[in-house]
Amino acid sequence: MNRTIVMIGYGAMGHEVHRLLPEALSLEWVIEAPERQSAVQAQLGERVRVVSSVDEVKGEPSLVLECAGQQGLRAHGEAVLHRGWRLAVISVGALADQALYDALCEAARAGDTQFEVLSGAVAGMDGLAAAREGGLDRVTYEARKAPRSWQGSHAETLVALDKVTVPTVFFEGTAGEAARLFPANANVAATVALAGVGMEATTVKLVVDPLTTRNTHRIKAEGRFGQFEIELSGFPLEANPKTSTLAALSVVRACRQLLTPAVV
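Sequential numbering of the sequence shown, starting at 12, is according to the working numbering.
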């Protein structure tokens, strides 16, 4: 029996997830901004219905995938959860807004369901969350990306991206600040914070590196468990350099888990 998927947003990430969707899963509905509805419908053809609100979705999807960015989560997340549908969140930076986080939690309780914070562009979040249970003393996160990956973001007001010749730190602060100032780039900072010591206690450093073509994430944690360091150097999506390929793959994994008797 095929299981149905609803996707919020159908940009570069949504397209990649759809391309890799397991055969036993079917994308039936896409929720898009009204101004993009016609273009996305033409792209997807008649097999997928493109709508502008959760109320237009019929049936009971197995999973709703948020692939729309922070605004998409703000616009539709609560409605999805109130319907009792499970929601997978990739735009984790939006959860730096405590009011939104609380509202989503309340909607999930009201709908007797859950929203899942996906690991996105990094690994090791299961270990970090487990370490938290014993007490964490310190968690730091550093993101290092090429200039093109920072273009169109707040970074342009802090550093001359087109003139950088050596790796340059342009932001140091908390995960909460990073997620709010760099919504398209700092989802990982929020993910690390939620898995670890929280938005205000997680230290973040952002670096522009003209010598790299990859997105590099470094996470360090210390606590009662001991300590660990994780470094991941991933390729950005070709269609959107602000998004890591692994982030899209983490959405695909969430879909595949619907089909497996053992969840790893």
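Positions of the beta carbon are idealized from the N, C-alpha and C atoms, including for glycine. Since we're looking at a predicted model, the values are computed, not measured.
If the five residues before and after residue 146 are omitted, its C-beta is found closer than 6 Å to the C-beta atoms of 234 and 235, all from its own chain and listed in chain order. Look at the beta carbons and you see the segment 31-46 touching the segment 54-74: at least three pairs across the two are nearer than 8 Å.
In this model, residue 198 and residue 94 are separated by some 26 Å (Cα to Cα). For residue 40, the enclosing beta strand (DSSP E) has its first and last residue at 36-42.
For residue 149, the enclosing beta strand (DSSP E) covers residues 147-156. Rounded to the nearest angstrom, the gap between the Cα atoms of residue 83 and residue 77 is 7 Å. Of the residues assessed, residue 220 falls on the buried side of the cut-off, its CB having 16 or more other CB atoms within 10 angstroms.
For the pair residue 154 and residue 87, the Cα-to-Cα distance works out to about 29 Å. Residue pairing for residue 175: DSSP places it in no beta bridge.
Excluding residues up to 5 positions away in sequence, 232, 234 and 236 lie with their Cβ nearer than 7 Å to the Cβ of residue 142 in the same chain. Spanning the alpha carbons of residue 134 and residue 49 requires a straight line of approximately 36 Å. Per the DSSP secondary-structure output, residue 14 pairs in a beta bridge with 36. Residues of the same chain with a CB within less than 6 Å of the CB of residue 118, apart from the 5 flanking positions on each side, are 89, 92 and 93 in chain order. A residue is called buried when at least 16 other Cβ atoms come within 10 angstroms of its Cβ; residue 108 meets this threshold and is buried.
According to the DSSP assignment, residue 255 belongs to no alpha helix (DSSP H) but to the beta strand (DSSP E) extending over 251-255. Cβ neighbours of residue 205 within its own chain (closer than 8 Å, five residues either side excluded): 103, 106 and 128. Note on geometry: alpha-carbon atoms of residue 194 and residue 203 lie some 15 Å from one another. Here the segment 208-222 lies against the segment 173-182, with 3 or more beta-carbon pairs under 8 Å apart.
According to the DSSP assignment, residue 214 belongs to the beta strand (DSSP E) that extends over 214-219. Of the candidates 266, 271 and 273, the residue whose Cα lies closest to the Cα of residue 15 is 266. For residue 247, the pairing in a beta bridge is given by DSSP as 255. Shown here, residue 48 sits in a helix according to DSSP, grouped into three states.
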